[in-house]
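> Residue numbers for the sequence shown follow our numbering, so the first one is 467 and each next one is one higher.
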Amino acid sequence: MIALLLALGSSLAYGCADFLGGLGARKAHVLRTVIIAAPASLAVELLLWPFLGASFSAGALGWGAASGIASAAAFALLYRTLAIGPMNVLSPVTALVSAGLPVGVGLLQGEHLGAAGLVGLPLALVAVILVSAGHGAGSARPSRSALLSAFGAGGAIALQLVFLHQAPSDSGVAPLIIGRAVSSAVILAAAGLMYRRLGSERPAYAMSTAAGVLDSMANLLFLLAARSGDLTVVAVITALYPAGTVLLARSVLAERISRGQLVGLGTAAVAVSLLALA
467 MIALLLALGS SLAYGCADFL GGLGARKAHV LRTVIIAAPA SLAVELLLWP FLGASFSAGA
527 LGWGAASGIA SAAAFALLYR TLAIGPMNVL SPVTALVSAG LPVGVGLLQG EHLGAAGLVG
587 LPLALVAVIL VSAGHGAGSA RPSRSALLSA FGAGGAIALQ LVFLHQAPSD SGVAPLIIGR
647 AVSSAVILAA AGLMYRRLGS ERPAYAMSTA AGVLDSMANL LFLLAARSGD LTVVAVITAL
707 YPAGTVLLAR SVLAERISRG QLVGLGTAAV AVSLLALA
């Protein structure tokens, strides 16, 4: 139950971070948004260090660095995806892709589910599909490039989560700190190389910072959840984050939520309840 609650908190934080990051990327080049969000995320993790501890072993350094490279790709691809829009379609597509790989890794590592989990796990995946599938009348259809970005972002997020899960369980927040330091360095280097192509638009500083802070909290909650529960369940619950993005896009941007997406949100609630019983 603790792992489930932590995963739900991670899902909510990811959904809010993605919404704010996507909005920020609409106001300026995506790298201008990310070069603010990534260091802000690193600052939060450094502040957590004295409270949660950190052991910089070889395993923490290696898996943390790998997660950082994946995180840098995820940041750029995801915010670009959400900036293109529509958010209420592309965010769930990304989540569906990001759930598949961690679930497979968890099962291959020998994780087992009870009867309720065996029903709840596929039901949660169905919920993500339903939320992503419904265009509804009057809803915008994503372009091919937007869909490719969504699939790429989902793959990068999946790798980031798997790499974090592989880090030693006694390493504290060390994998997060190393990962965010690496991702920040990669992003800043990319921004420097592409400086002339970033345009003159000023980024949304507050929005980008908030996105980075929320992303950091989401990573922390996921790491704690994965250490106290099964990766198979935690990854699927975390992948339900588009529910928050979709609802925020509906209330703030007036993006349409189709009937199928509403059914998906209800299905997600049922799936979470079954996984809680498991």
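For glycine and all other residues, C-beta sits at the position ideal for the given N, C-alpha and C.
(1) Whole-angstrom Cβ separation of I783 and L642, contact assumed at under 8 angstroms?
(2) Which residue wins for smallest C-alpha separation from W529, given the options R668, A633, P708, V510?
(3) Can you look up G528 in the DSSP assignment and give me helix, strand or coil?
(4) What three-state label does DSSP hand A657 in the structure shown?
(5) Express the C-alpha separation of A531 and G525 in angstroms, rounding to a whole number.
(6) How is the alpha helix (DSSP H) around V639 delimited, first residue to last?
(7) By Cβ distance, which residues of its chain are closer than 8 angstroms to I535, with the 5 residues on each side in sequence left out?
(8) For G732, name the three-state secondary structure that DSSP assigns.
(9) Just confirm the distance between the C-beta atoms of A479 and L687, as a whole number of angstroms; I'd bet it's less than 8 angstroms.
(10) Rounded to a whole number of angstroms, what is the C-alpha to C-alpha distance between A701 and S476?
(11) Could you give the distance in angstroms between the alpha-carbon of S724 and the alpha-carbon of L556?
(12) Which whole-angstrom value is the C-beta distance of A483 and L654, which I expect to be below 8 angstroms?
(13) Could you spell out where the alpha helix (DSSP H) holding A616 opens and where it closes?
(14) Cα separation between L728 and L714?
(15) Expressed to the nearest angstrom, what Euclidean distance is found between the alpha-carbon atoms of E511 and A720?
(16) Please name the residue, chosen from A677, V699, A737, that lies closest to G481 on a Cα-to-Cα basis.
(17) Contact between the stretch 490-503 and the stretch 661-669 is defined here as three or more beta-carbon pairs at a separation below 8 angstroms; is this criterion met?
(18) Alpha carbon to alpha carbon, how far is G620 from P516?
(19) I'd like to know whether the C-beta atoms of R693 and S615 end up nearer to each other than 8 angstroms.
(20) Run the CB neighbour count on R546, radius 10 Å, all protein chains shown included, and call it buried at 16 or more, exposed below.
(21) A494 to V585, Cα distance in whole Å?
(22) Measuring only the C-alpha atoms, how far is F617 from M467?
(23) So the alpha helix (DSSP H) D484 belongs to, where does it begin and stop?
(24) Looking at the secondary structure, which residues open and close the alpha helix (DSSP H) in which E667 lies?
(25) Hey, P568 and A624 are a contact pair by Cβ (cut 8 angstroms); roughly how many whole angstroms apart?
(26) Exposed or buried, G580, counting other C-beta atoms within 10 Å across all chains shown (16 or more means buried)?
The answer reads as follows:
(1) With the chain running from 467 to 744 in the structure shown, residue 783 is simply not present.
(2) Position 63 of the sequence shown, counted from the start, is the residue given in the question as residue 529. Checked all of R668, A633, P708, V510; the closest Cα to W529 is A633.
(3) Within the sequence shown, numbered from 1, the residue matching residue 528 stands at position 62. Helix, per DSSP.
(4) Working through the sequence shown from its first residue, we reach residue 657 at position 191. DSSP places A657 in helix when its eight states are reduced to three.
(5) Locating residue 525 in the sequence shown gives position 59, where the first residue counts as 1. Locating residue 531 in the sequence shown gives position 65, where the first residue counts as 1. Approximately 10 angstroms, taken between the alpha carbons.
(6) In the sequence shown, residue 639 corresponds to position 173, counting from 1. V639 -> no alpha helix (DSSP H), and no H or E assigned at all.
(7) For the purposes of this step, residue 535 is identified with residue 69 of the sequence shown, where counting begins at 1. Cβ neighbours of I535 beyond the five flanking positions: V648, S649, V652.
(8) Within the sequence shown, residue 732 is the residue found at index 266, counting from 1. Reduced to three states, the DSSP call for G732 is helix.
(9) Stepping through the sequence shown from its first residue, residue 479 is reached at position 13. Stepping through the sequence shown from its first residue, residue 687 is reached at position 221. A479 to L687, Cβ: 6 angstroms. Contact.
(10) Taking the first residue of the sequence shown as 1, we reach residue 701 at position 235. Taking the first residue of the sequence shown as 1, we reach residue 476 at position 10. Roughly 10 angstroms separates the two Cα atoms.
(11) Locating residue 724 in the sequence shown gives position 258, where the first residue counts as 1. Locating residue 556 in the sequence shown gives position 90, where the first residue counts as 1. When rounded, the distance between both Cα atoms is 14 angstroms.
(12) Counting from 1 along the sequence shown, the entry for residue 483 is found at position 17. Counting from 1 along the sequence shown, the entry for residue 654 is found at position 188. 19 angstroms between Cβ atoms; not a contact.
(13) Residue mapping note: residue 616 aligns to position 150 of the sequence shown, counting from 1. Segment 610-632, the alpha helix (DSSP H) holding A616.
(14) Position 262 of the sequence shown, counted from the start, is the residue given in the question as residue 728. Position 248 of the sequence shown, counted from the start, is the residue given in the question as residue 714. Distance between the alpha carbons of L728 and L714 is about 14 angstroms.
(15) By 1-based counting over the sequence shown, the position of residue 511 is 45. By 1-based counting over the sequence shown, the position of residue 720 is 254. The straight-line gap from Cα to Cα measures roughly 34 angstroms.
(16) Along the sequence shown, one-based indexing puts residue 481 at 15. Answer by Cα proximity: A677.
(17) yes
(18) Position 154 of the sequence shown, counted from the first residue, corresponds to residue 620. Position 50 of the sequence shown, counted from the first residue, corresponds to residue 516. Rounded to whole angstroms, G620 to P516 spans 32 angstroms at the Cα level.
(19) Start at 1 with the first residue of the sequence shown, and residue 693 comes out as number 227. Start at 1 with the first residue of the sequence shown, and residue 615 comes out as number 149. Going by C-beta atoms, R693 is not nearer than 8 angstroms to S615.
(20) Here residue 546 refers to the residue found at position 80 when the sequence shown is read from its first residue. Buried, since its Cβ has 16 or more Cβ neighbours within 10 Å.
(21) Along the sequence shown, read from residue 1 onward, the residue named residue 494 stands at position 28. Along the sequence shown, read from residue 1 onward, the residue named residue 585 stands at position 119. Using only the alpha carbons, I get a separation of about 43 angstroms.
(22) Numbered from its first residue, the sequence shown carries residue 617 at position 151. Numbered from its first residue, the sequence shown carries residue 467 at position 1. Cα-Cα distance, rounded: 31 angstroms.
(23) As a working note, residue 484 is residue 18 in the sequence shown. Residues 468-493.
(24) Here residue 667 is taken as the residue at index 201 of the sequence shown, counted from 1. Per DSSP, E667 belongs to no alpha helix (DSSP H) and is neither H nor E.
(25) The residue you call residue 568 lines up with position 102 of the sequence shown. The residue you call residue 624 lines up with position 158 of the sequence shown. About 6 angstroms separates the two Cβ atoms, so the contact holds.
(26) For the purposes of this step, residue 580 is taken as the residue at position 114 of the sequence shown. So G580 ends up on the exposed side.
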